[in-house]
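Asks:
Numbering (the numbering used here), first residue to last: -18 to 354.
1) If you check the beta carbons only, do residue 335 and residue 130 fall under 7 Å apart?
2) First and last residue of the beta strand (DSSP E) that includes residue 316?
3) What's the gap between the Cα of residue 236 and the Cα of residue 290?
4) Where DSSP assigns a beta bridge to residue 339, which residues make up the other side?
5) If you draw a straight line from the alpha carbon of residue 220 to that of residue 190, how long is it in whole angstroms?
6) Who are residue 209's beta bridge partners in DSSP?
7) Should residue 299 and residue 269 be called a contact, given that it needs their Cβ atoms to be closer than 7 Å?
8) Under 8 Å: do the region 101 to 113 and the region 189 to 207 share three or more Cβ pairs, one atom per stretch?
9) Among residues of its own chain, excluding the 5 on either side of residue 223, which ones have a beta-carbon nearer than 6 Å to its beta-carbon?
10) Taking Cβ to Cβ, would you say residue 327 is nearer than 7 Å to residue 92?
11) Taking only the alpha-carbon atoms, compute the straight-line gap between residue 139 and residue 147 and give it to the nearest angstrom.
12) Measure the C-alpha to C-alpha separation of residue 303 and residue 282 and round it to an integer number of angstroms.
13) Answer with buried or exposed for residue 316, where buried requires no fewer than 16 other C-beta atoms within 10 angstroms of its C-beta.
14) Does DSSP put residue 262 in a helix, in a strand, or in coil?
15) Which residues mark the beginning and the end of the beta strand (DSSP E) in which residue 300 is found?
16) For residue 292, which beta-bridge partners are listed by DSSP?
17) Is residue 329 buried or exposed, if buried means 16 or more other CB atoms sit within 10 Å of its CB?
18) Can you tell me the Cβ-Cβ gap for residue 355 and residue 97, rounded? I've got them flagged as a contact below 8 Å.
19) How many angstroms separate the CA atom of residue 277 from the CA atom of residue 86?
20) If you follow the beta strand (DSSP E) that residue 237 is in, where does it begin and where does it stop?
21) According to DSSP, simplified to helix, strand and coil, what is residue 102?
22) Spatial neighbours of residue 253 within its chain, please: C-beta separation below 7 Å, excluding the five flanking residues on both sides.
23) What residues in its chain sit with their C-beta under 6 Å from that of residue 341, if we drop five residues either side in the sequence?
24) Rounded to whole angstroms, what's the CA-CA distance from residue 322 to residue 203? Just pull it up for me.
25) Based on Cα-Cα distance, which residue from 325, 345 and 320 lies nearest to residue 89?
26) Looking only at its own chain, which residues have a Cβ that is under 7 Å from the Cβ of residue 227, when we skip the five neighbours before and after it?
27) Looking at residue 95 and residue 112, is the spacing between their C-beta atoms short of 7 Å?
28) Looking only at its own chain, which residues have a Cβ that is under 7 Å from the Cβ of residue 137, when we skip the five neighbours before and after it?
29) Can you tell me the Cα-Cα spacing of residue 234 and residue 70, whole angstroms?
30) Name the one or two DSSP bridge partners that residue 268 has.
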């Protein structure tokens, strides 16, 4: 309950204004003048409060007339602005740069087919060699209809030798600098072409070799792709090669691997065996490549694809049954599918993080130079 003069004034403030001056007389006019004065004082107090908030500054300010400029202070300011400009440019370059993020998970896809892309040149005539894939799970030969046998000279032209030399140089650098693989992933581009292009015409040499190129679709299980003497023929227990029809003196499994990959063909990606060249020292030489294939999902700002990476271990030996080195002359690529799948994603710094880092650089330099000067 309100009482006293203060309560009476607050109640009076809420009362409506008089209906007419005549009803109140001289007392009503004085009341209106007092009411106007109160409203005017309230407006002035509100304006003073706003001005006080605007002028509020927690940092000390020195009048310009009290500040004396010096050469050392100007030098510090120049160094500060130069450092800010340099670090801002460097920070922007970091913001523009991207990196590859690797994630691993179990591959649950066992029903799809695996594509094998092949481009191999063997130093034997095409009628003497045969290539096929033996599926170890079903003990059957995969269809080799996608392979093309092209008679070519084994000797390369000068332009081809230069390209091969550059490819071998890149392979040697990739083995030393593993981070270069990220650069290759970023620079990969998608192409509509799925057929390996034919080589340039080399009319200086007669065809003495066979270029086997194309692609195969096999089951997503371990298998063995091989090139050996004689054409392959299937039979109920597997398959066989008609090696008896080829003279032993014609055996020469010197070869050059221009391309070998698994999965979707992505131009621009360099695979571990691209550019490999092996020269046989004996007619009975066996070349073996033990390959581990890793399913890979690639997501960059230029391409998004599902393909496969692989690692390889090489081995070669001469077949000599008398010395206990058994086997068959030829080129054997035994591959196995990894149960893990790798997802490679290209990422970059978020814009808000770039702004926070930039503000930190500028504020830190200003604070340091302010303390120093």
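C-beta: ideal position from N, C-alpha, C; glycine also. Given the structure is predicted, the values throughout are model-derived calculations rather than measurements.
Replies: This is what the structure gives:
1) Remark: C-beta atoms of residue 335 and residue 130 do not approach each other more closely than 7 Å.
2) 311 to 318
3) As the crow flies, the alpha-carbon of residue 236 is around 22 Å from that of residue 290.
4) Paired residues: none, contrary to the question.
5) 24 Å
6) 111 and 311
7) no
8) yes
9) 211 and 212
10) no
11) Cα to Cα, the separation comes out at about 12 Å.
12) 58 Å
13) Flag for residue 316 reads buried.
14) For residue 262, the three-state secondary structure derived from DSSP is coil.
15) For residue 300, there is no enclosing beta strand (DSSP E), since its DSSP letter is neither H nor E.
16) DSSP, once it has assigned bridges, lists 273 as partnering residue 292.
17) exposed
18) For the chain, the structure presents residues -18 to 354; residue 355 sits outside this window and is missing.
19) Looking at the two C-alpha atoms, the distance is approximately 10 Å.
20) 236 to 244
21) Strand, per DSSP.
22) If you ignore the 5 residues before and after residue 253, its C-beta comes within less than 7 Å of the C-beta of 291, 292 and 293, all in its own chain and listed in chain order.
23) none
24) 16 Å
25) 320
26) 109, 210 and 211
27) no
28) 145
29) 56 Å
30) Answer is 297 and 312, bridged to residue 268.
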